[in-house]
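Worksheet: one structure, shown below.
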Amino acid sequence: MSNFVKAAQHATAAMRSVFPPTPLLRNDYLSDRFGADIWLKREDLSPVRSYKIRGAFNAMRKRLQSMPDQRHFVCASAGNHAQGVAFACRHFGVQGTVFMPVTTPQQKIMKTRSFGGDQITIRLVGDIFDQSLAAAKAYCAQESAYFLSPFDDEDVIEGQASVAVEISAQLEHAPDIVILPVGGGGLSAGVTRFLAESRASTKVRYVEPLGGTSLLAALRAGKPVTLDRLDSFVDGASVARIGEQTFDHLRHVASDEVLIAPENRICITMLEMLNVEGIVLEPAGALAIDVLPDLAGEIAGKTVICLTSGGNFDFERLPEVKERAMRHMGTKKYLMLRLPQRPGALRDFLEMLGPEDDIARFEYLKKTARNFGTVLIGIETVRPENFIDLFQRMDDAGFTYSDITDDEVIAGFVI
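Per the numbering used here, the sequence shown runs over residues 249 to 663.
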């Protein structure tokens, strides 16, 4: 047994004084759908509703063991690591300063405050995580505090490996495949190393959001690189640069073992798990489940574990999630319609709609000429093929229109 495996097991045992193992539950709905034995490792049911409590607790525990006089910890987080640090600060009775992006959902900010109480101070800095991270490190140097990395720290990686320790104890046999979400790489590094050094035959598949493929970029470059663009929708996994130490544990991963989940498709998965299974997942927490269709041929007949990494979802974002899901499914579109300025023109257009079509938005943008005006129209329908029939009827009637649903530039201004 390797030293890392022993250390991960010891860390897991220490956590039992704070919280019980998170459930490993077979999901009948997904198992039937994909013809596999699919289990969910429910990190969304931890005390802070994400796995981040593991790494934060372990790193703080070990720091206090080696330096009992350390009384101030600093971290940067989009929310989940912040809550883990806040929880640990309160448990150990130390002070914490938490840097979070300004764009962090209010639900995560409030939960961080509730977990840390008087032990923590929250500072909102930067639009994305990497800006908060730079500010946190600068502050840490000024205050002689200890920086507790969200992922790029061996003690954090060791703590996240406790997920694999629990899976090994909860499942009667080694799973065939484990699917892990990837942000900065702490979880995937810890679980991957534990499985490898415990000689498990389990395959690992990694999932990144389309707007934050830092692991894939690093694998292609042979080293961590900083992404030019970052989509922060999957805030729990949107990291512009994977950690140096975490990548050391993952550099052997083949590029085809990394799957990409489009943000709008993730929204469909979130709604499906909420409506069908009653499971609340944040975008990052849905990553592992979202790629199951991409792996359908590989997982059939296999035992598969999907790690649902977090459930800190702000329900104020639900309308956005529903909107993005419908756009991805093709059941909602936005059109720029050139409407004649004559009596009955609007009625003529409305008569084009089918029995399953509904107008969700109607707005005159401008009058482009004396006889025409530009209208923004949002249309929802039940089946995506309904738009084929609608567009054919509009073409036959001579209406001039543009589908701007997937035009990021135009849609960003008017939708």
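We put the CB at the ideal spot given by N, CA and C, even for glycine.
The beta-carbon distance between Arg575 and Asn512, rounded to whole angstroms, is 6 Å. This is short enough to meet the 8 Å contact definition. If you check the CB distance, Ile370 and Met348 come in under 8 Å. Inclusion of Pro632 and Gly578 in the CB contact set at 8 Å is warranted, their separation being smaller than that value. Ranking Arg590, Glu492, Arg447 by CA distance to the CA of Leu463 puts Glu492 first. Under the 10 Å beta carbon count, Gln390 is surrounded by fewer than 16 other beta carbons and is classified as exposed.
Between Thr556 and Asp292, the C-beta spacing is below 8 Å.
Per DSSP, reduced to three states, the secondary structure at Glu564 is helical. Nearest to Phe340 by alpha-carbon distance, out of Thr352, His329, Phe321, is Phe321. Under a 10 Å Cβ-count criterion, Leu585 is classified as buried, with 16 or more other Cβ atoms of the shown protein chains found around its own Cβ. Thr648 counts as exposed, since fewer than 16 other beta carbons sit within 10 angstroms of its beta carbon.
The segment 526-593 is shown to contain whole alpha helix (DSSP H) runs of 4 or more residues at 535-538, 544-547, 566-577, in chain order. Annotation: the continuous beta strand (DSSP E) that includes Val506 extends over 506-509. Residue environment analysis places Pro268 among the exposed positions, since fewer than 16 neighbouring C-beta atoms fall within 10 angstroms of its C-beta. Taking the C-beta atoms as reference points, Phe635 is found no nearer than 8 Å to Gln589. In the structure shown, Asp605 adopts coil according to DSSP, grouped into three states. With fewer than three CB-CB distances shorter than 8 Å, the segment 276-293 does not count as touching the segment 304-318. Around the beta carbon of Ala284, a 10 Å sphere encloses 16 or more other beta carbons of the protein chains shown; the residue is thus reported as buried. DSSP places Asp276 in the uninterrupted alpha helix (DSSP H) bounded by 276-282. One thing to note: Phe335 has its Cβ within 8 Å of the Cβ of Phe363. A residue is called buried once 16 or more other Cβ atoms fall within 10 Å of its Cβ, and Ser416 is buried on that count. Straight across, the Cα-Cα distance linking Ala536 with Tyr582 is about 30 Å. Ranking Arg489, Ala422, Ser480, Leu498 by CA distance to the CA of Leu435 puts Leu498 first. Here Asp366 is exposed: its Cβ has fewer than 16 other Cβ atoms, across all protein chains shown, within 10 Å. In its chain, beyond the 5 residues on either side, Arg477, Leu478, Asp479, Ser480, Phe481, Val482, Ser486, Glu511 have a beta carbon closer than 8 Å to the beta carbon of Gly459. The residues Ala324, Phe347, Met348, Pro349, Val373, Gly374, in chain order, have a CB closer than 7 Å to that of Ser380 in the same chain once the five nearest residues on each side in sequence are set aside.
Beta bridge pairing from DSSP links Cys323 with Val346. When C-beta atoms of the segment 550-568 are compared with those of the segment 595-609, fewer than three pairs fall below 8 Å, so the two segments do not count as touching. The C-beta of Asn251 has fewer than 16 other C-beta atoms within 10 Å across all chains shown, which makes the residue exposed. DSSP, read as helix, strand or coil, puts Thr360 in helix. Residue burial is scored here from C-beta neighbours: Glu456 has at least 16 other C-beta atoms within 10 angstroms and is therefore classed as buried. Residue burial annotation: Ala384 is buried, with at least 16 other C-beta atoms found within 10 angstroms of its C-beta.
In the three-state reduction of the DSSP assignment, Thr270 falls in the coil class, being assigned neither a helical nor a strand state. For Ser298, the pairing in a beta bridge is given by DSSP as Gly558. For Thr494, the three-state secondary structure derived from DSSP is helix. One alpha carbon belongs to Arg453, the other to Leu428, and they sit about 6 Å apart. Across the structure, Gly484 and Met600 are spaced so that their CA atoms are roughly 43 Å apart.
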